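Peer 1:
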Amino acid sequence: MTTDRTDAPDDVATEFFDRYRRALLDRDEAAVADLYAVPALILFPGQSLPVTSRAQTERFFAASWSQYDGVADMTADLRVVAATAHSVWADVAWRHDGPGEGTERFVYQLVRTDDGWRIAVLTPMDV
Numbered sequence: 173m174t175t176d177r178t179d180a181p182d183d184v185a186t187e188f189f190d191r192y193r194r195a196l197l198d199r200d201e202a203a204v205a206d207l208y209a210v211p212a213l214i215l216f217p218g219q220s221l222p223v224t225s226r227a228q229t230e231r232f233f234a235a236s237w238s239q240y241d242g243v244a245d246m247t248a249d250l251r252v253v254a255a256t257a258h259s260v261w262a263d264v265a266w267r268h269d270g271p272g273e274g275t276e277r278f279v280y281q282l283v284r285t286d287d288g289w290r291i292a293v294l295t296p297m298d299v
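According to this note's numbering, numbering within the sequence shown proceeds without interruption in unit steps and concludes at 299.
Written out as structure tokens, the structure reads:
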């Protein structure tokens with residue numbers, strides 16, 4: 173993703189997470205993997221997971237689609253909490269329909285790369 177239209181942090185985040193949402197709803201692990209930087213870092217409670225390859229991200233998402241069985245739509249309530257010319261930090265609450273309707277919340281650090289904005293750090297948060 174490039175930001176040819178604007179580099180305003182709110183617009184960067186909105187455009188990025190619209191693409192991310194579409195890739196998730198399409199269950200397209202290749203498209204999701206395209207949105208992660210390599211290297212990246214996933215900071216689970218009690219565990220830091222370094223992402224060292226695009227294939228690692230693809231495998232993770234391919235193995236996790238079943239937890240979203242029945243989810244046909246989701247929305248992102250997003251708030252940019254900080255930004256620089258090369259990074260945007262966004263607090264995102266994902267709300268989804270379907271069985272087990274629920275909310276997940278993460279803080280993402282997006283970084284500007286030669287290929288557009290990518291997720292460099294993902295931190296799960298309490299809802």
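Even for Gly, the Cβ is constructed at its ideal location relative to N, Cα and C.
A quick note: this is a predicted structure, and the numbers were derived from the prediction, not measured.
Taking the alpha carbon of ASP298 as the reference point, which residue from ASP206, PHE216 and PRO211 has its own alpha carbon closest?
Peer 2: Taking only the C-alpha atoms, the option nearest ASP298 is PHE216.
Peer 1: Taking Cβ to Cβ, would you say LEU294 is nearer than 8 Å to MET246?
Peer 2: No. Outside cutoff.
Peer 1: Take the Cβ of LEU282 as the centre, count every other Cβ of all protein chains shown within 10 Å, and call the residue buried at 16 or more, exposed below.
Peer 2: buried
Peer 1: Could you give the DSSP three-state label for ARG199: helix, strand or coil?
Peer 2: coil
Peer 1: With three or more C-beta pairs closer than 8 Å as the rule, is the region 216-232 touching the region 252-259?
Peer 2: no
Peer 1: What does DSSP give as the partner residue(s) for PHE216 in the beta ladder?
Peer 2: GLN219
Peer 1: Any idea what DSSP makes of VAL127, helix, strand or coil?
Peer 2: No answer is possible for residue 127: it lies beyond the span of the chain, which begins at 173 and ends at 299.
Peer 1: Distance, Cα to Cα, GLU273 vs PRO211?
Peer 2: Taking the straight line joining both Cα atoms gives about 32 Å.
Peer 1: In the DSSP assignment, the alpha helix (DSSP H) including THR229 goes from what residue to what residue?
Peer 2: 226-236 is the extent of the alpha helix (DSSP H) around THR229.
Peer 1: Could you tell me if ARG181 is buried or exposed, where buried requires 16 or more neighbouring beta carbons within 10 angstroms of its beta carbon?
Peer 2: Sequence inspection shows Pro at residue 181; the Arg mentioned does not correspond to that position. With 16 or more other Cβ atoms within 10 Å, it is buried.
Peer 1: Any heavy atom of the ligand ATP inside 7 Å of the beta-carbon of ARG290?
Peer 2: You won't find the ligand ATP in this model; it holds no ligand whatsoever.
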